[in-house]
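Peer 1: Numbering-wise, my numbering comes out as the position in the sequence shown, counting from 1, plus 1. Ideal placement from N, C-alpha and C gives every residue a C-beta, glycine not left out. Below is one structure. I have some questions about it.
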Amino acid sequence: MSSVEKDGTGRALWKSLFPPPRRRNGPHDTIKTRPSRARVLRAKRPSAALRKFFAERMVFMAKLLIAYFSKSGTTRAKAEQIARVTGGDLFEIKTEKAYPQSYAGTVIVGKKEQLTGELPKLTGRVEDFAAYDRVALGFPVWWFTCPQAVVSFLSQYDFSGKTVWPFCTHGGSGPRGSAGKIRAHCAGDVKDCLDANKLTDEGVAEWLKTE
């Protein structure tokens, strides 16, 4: 006889660790431990909420670059919001020569660049640009379109096969002809420009799901 059988305390411990099968109405009516086929199929099928959860996040599966030009910091804040929601990589487009501190001075220089087609020189480059499938491109609207610094950025890389989502901030003019100008200098699939002034986190997901 084992020590467990001799010792009442041990027997109680044994029963607590290895309880007999539960019974419902009689000694032969035990609860089935193997689920039915229907129950298995139901368990394998994700809920509607779970399917929606993953569907919404499929837009973030492709590698995303968030490149932006920002003079005052407004566009930078929107770019950082998009990066926080999507997990994309941030890259700031910077000119070698800084624009004037004053608003009036920047307006004059920006207008001159637009009229002459001058492309300001940029500092820094995106590492392994070819690895990105999608590019969110942000900028403030200057003279009803994107600044020439953005055109400088577009001229430095091959956008073939990439999808480009422009987004802009502005003082009331809206995106205007920004997308058209970007398409003229970009070989990628350029979407319509998003007005990001009131962009929400939920709006980011809806925007990037646009095909």
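#1: How big is the Cα-Cα spacing for Gly111 and Gly178?
#2: Does the distance from the C-beta atom of Gly88 to that of Leu66 stay below 8 Å?
#3: Taking the C-alpha atoms as reference points, what is the distance between Val136 and Ser103?
#4: Round the Cβ separation of Leu91 and Ala99 to the nearest angstrom and send it over; I've been treating them as touching at under 8 Å.
#5: Measure the C-alpha to C-alpha separation of Leu51 and Ser161 and round it to an integer number of angstroms.
#6: Indicate the three-state DSSP secondary structure (helix, strand or coil) for Asp190 in the structure shown.
#7: Note down, in chain order, each residue of its chain lying with its Cβ closer than 8 Å to the Cβ of Val86, except the 5 sequence neighbours on either side.
#8: So Glu97 packs on Lys122, CB below 8 Å; how close in whole Å?
#9: Report the residue ranges of all alpha helix (DSSP H) runs contained in full by the region 110–174; include only those spanning at least 4 residues, in chain order.
#10: From this set, Trp144, His186, Ser156 and Ser174, which residue's C-alpha is nearest Thr107's C-alpha?
#11: Look at Ala180 and Asp193 and say whether their C-beta atoms are less than 8 Å apart.
#12: Phe70 to Cys187, Cα distance in whole Å?
#13: Only counting the same chain, and skipping five residues up and downstream in sequence, which positions put a Cβ closer than 6 Å to that of Val127?
#14: Going by beta carbon distance, what residues of the same chain come within less than 6 Å of Leu118, once the five residues before and after it are set aside?
#15: Would you list the residues sitting across from Phe92 in a DSSP beta bridge?
#16: In the DSSP assignment, what residue or residues form a beta bridge with Asp196?
#17: Where does Thr201 fall in DSSP's three states?
#18: Quick check on this structure: which residue in Gly189, Ala197, Asp159 and Val165 has the alpha carbon closest to the alpha carbon of Ser174?
#19: Please confirm whether any heavy atom of the ligand ATP lies closer than 7 Å to the CB of Asp193.
#20: Pro148 to Leu116, Cα distance in whole Å?
#21: Can you tell me which of the three DSSP states Gln1 falls into?
#22: Skipping 5 residues on each side, what residues in its chain have a beta carbon closer than 8 Å to that of Lys163?
#23: Do Ile94 and Ala131 have their C-beta atoms closer together than 8 Å?
Peer 2: The answer reads as follows:
#1: Locating residue 111 in the sequence shown gives position 110, where the first residue counts as 1. Locating residue 178 in the sequence shown gives position 177, where the first residue counts as 1. Whole-angstrom Cα-Cα distance: 16 Å.
#2: Stepping through the sequence shown from its first residue, residue 88 is reached at position 87. Stepping through the sequence shown from its first residue, residue 66 is reached at position 65. Gly88 places its beta carbon 8 Å or farther from that of Leu66.
#3: The residue you call residue 136 lines up with position 135 of the sequence shown. The residue you call residue 103 lines up with position 102 of the sequence shown. Note on geometry: alpha-carbon atoms of Val136 and Ser103 lie some 30 Å from one another.
#4: As a working note, residue 91 is residue 90 in the sequence shown. As a working note, residue 99 is residue 98 in the sequence shown. About 20 Å separates the two Cβ atoms, so there is no contact after all.
#5: Taking the sequence shown and counting its residues from 1, one reaches residue 51 at position 50. Taking the sequence shown and counting its residues from 1, one reaches residue 161 at position 160. With a pLDDT of 49 at Leu51, under the threshold of 50, the predicted position of this residue should be treated as unreliable, and no value is reported.
#6: The residue labelled residue 190 in the question sits at position 189 within the sequence shown. If DSSP states are grouped into helix, strand and coil, Asp190 belongs with the strands.
#7: On the sequence shown, position 85 is the one that residue 86 refers to. So the qualifying residues of the chain are Asp202, Val205 and Ala206.
#8: On the sequence shown, residue 97 is found 96 positions in, with the first residue counted as 1. On the sequence shown, residue 122 is found 121 positions in, with the first residue counted as 1. The Cβ separation is near 4 Å, so the contact holds.
#9: 149–156
#10: If you number the sequence shown from 1, residue 107 lands on position 106. Here the closest residue by C-alpha is Trp144.
#11: The count along the sequence shown starts at 1 and reaches residue 180 at position 179. The count along the sequence shown starts at 1 and reaches residue 193 at position 192. Cβ distance < 8 Å, so Ala180 and Asp193 count as in contact.
#12: Position 69 of the sequence shown, counting from 1, holds the residue named residue 70. Position 186 of the sequence shown, counting from 1, holds the residue named residue 187. About 16 Å.
#13: Translated into positions along the sequence shown, residue 127 becomes position 126. Excluding sequence neighbours, Val127 sits near Phe92.
#14: Taking the sequence shown and counting its residues from 1, the one referred to as residue 118 is at position 117. First, the amino acid is wrong: residue 118 is Gly here, not Leu. Nothing meets the Cβ criterion.
#15: Counting from one through the sequence shown, the residue named residue 92 turns up at place 91. Answer is Ala68, bridged to Phe92.
#16: As a working note, residue 196 is residue 195 in the sequence shown. Answer by DSSP bridge pairing, in chain order: Cys169.
#17: On the sequence shown, residue 201 is found 200 positions in, with the first residue counted as 1. Coil, per DSSP.
#18: Walking along the sequence shown from the start, residue 174 turns up at place 173. It is Ala197.
#19: For the ligand ATP, the structure offers nothing, since it holds no ligand at all.
#20: Taking the first residue of the sequence shown as 1, we reach residue 148 at position 147. Taking the first residue of the sequence shown as 1, we reach residue 116 at position 115. One C-alpha to the other measures close to 11 Å.
#21: This structure leaves residue 1 out entirely; the chain is present only between 2 and 212.
#22: If you number the sequence shown from 1, residue 163 lands on position 162. Hits under 8 Å: Tyr133, Asp134, Arg135, Val136, Gly189 and Asp190.
#23: What you label residue 94 is simply residue 93 of the sequence shown in a count that begins at 1. What you label residue 131 is simply residue 130 of the sequence shown in a count that begins at 1. Contact flag unset, no.
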